[in-house]
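Below is one structure; the comments refer to it alone.
Chains as they are written, first to last, in my numbering: chain G, 8 to 120; chain W, 497 to 611.
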């Protein structure tokens, strides 16, 4: 099976802009979680989607949002970008809602200038 | 809030020696504890995991131990090799049905295996 894929891999934006990142889970996986990875804060949970519904959410401002489509692909949107949003954004998929094991994608490196 | 403390932040060992990384979690409802290895520029990869109903799990040179009472879990790598050099993350999660499910990651340990 193909692994988790994310597009784009690299992105450069300026403050105030918005960005949309995409994640395609492993075939058959229905749960997608998003994480922000920075050198200072490590890996922080953003939110999780299952069956097109946000099931759990971390402690991030409302500028961070997401959605999941019927084919389990997920998008994450960040509006009004700030310099501090520069990070590696990782998504991870798992088979089902009660399955804990997560498999990560390669990430999208976002740089905000 | 819940957190996972991970120590040490960096660890250097000679090739062939053992490496131990320790994590402490605060949420007593946590029941799943995975370990991830992240090589430079690559995605985190699951290397081993343990559930709260098990005290120890081994997979070749890698083992994880869990002490629920003390809320500690540790990663043990024996006979280290240069390719073990990477950043290792521990994580803890509570059951999804608990209403506030999320993975909480430790801050990572940079392991260097010296040839």
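Backbone N, C-alpha and C fix where the C-beta goes; we use that ideal spot for every residue, glycine too.
Q.
Going by DSSP, what residue range makes up the beta strand (DSSP E) through residue 19/G?
A. 17–20
**Q.** Supposed contact pair residue 86/G and residue 73/G - C-beta distance, whole angstroms, cut 8 Å
**A.** 12 Å between Cβ atoms; not a contact.
Q: Measure from the alpha carbon of residue 112/G to the alpha carbon of each residue in 92/G, 66/G, 36/G, then state which is nearest.
A: 36/G
Q) Can you list the residues of chain G that residue 578/W reaches, using a CB-CB cut of under 9 Å? A) Result: empty, since nearest Cβ-Cβ is about 23 Å, beyond 9 Å.
Q | Straight-line Cα distance separating residue 585/W from residue 602/W | A | Taking the straight line joining both Cα atoms gives about 6 Å.
Q.
Check whether chain W comes within 9 Å of residue 92/G, counting only Cβ atoms and requiring the distance to be less than that.
A. no
Q) Would you say residue 589/W reaches chain G, if we count a Cβ-Cβ gap shorter than 9 Å as a contact? A) With 9 Å as the cut-off, residue 589/W counts as an interface residue toward chain G.
Q | 9 Å Cβ cutoff met for residue 123/G and residue 115/G | A | It is not possible to answer for residue 123/G, since the shown part of chain G is limited to 8 through 120.
Q. Are residue 610/W and residue 511/W close, meaning C-beta to C-beta below 9 Å?
A. yes
Q) Counting contacts by CB-CB distance shorter than 9 Å, is residue 71/G in contact with chain W? A) Nearest CB-CB separation between residue 71/G and chain W: not below the 9 Å threshold.
Q | residue 579/W (DSSP reduced to helix, strand or coil) | A | helix
Q: Taking a Cβ distance cut-off of 8 Å, strictly less, list which residues of the region 45–56 of chain G are near chain W, in chain order.
A: Within the region 45–56 of chain G, the residues whose Cβ lies closer than 8 Å to some Cβ of chain W are 49, 50, 51, 52, 55, listed in chain order.
Q. For the candidate residues 516/W, 583/W, 582/W, whose alpha-carbon lies nearest to that of residue 569/W?
A. Closest by alpha carbon: 516/W.
Q: Below 8 Å on the Cβ atoms is my guess for residue 101/G versus residue 38/G; work out the distance and round it to an integer in Å.
A: 5 Å
Q) Helix, strand or coil: which one does DSSP assign to residue 545/W? A) strand
Q. Who does residue 114/G pair with in a DSSP beta bridge?
A. Paired residue(s): none; residue 114/G is not in a bridge.
Q. How many Å lie between residue 57/G and residue 103/G at the Cα?
A. 8 Å
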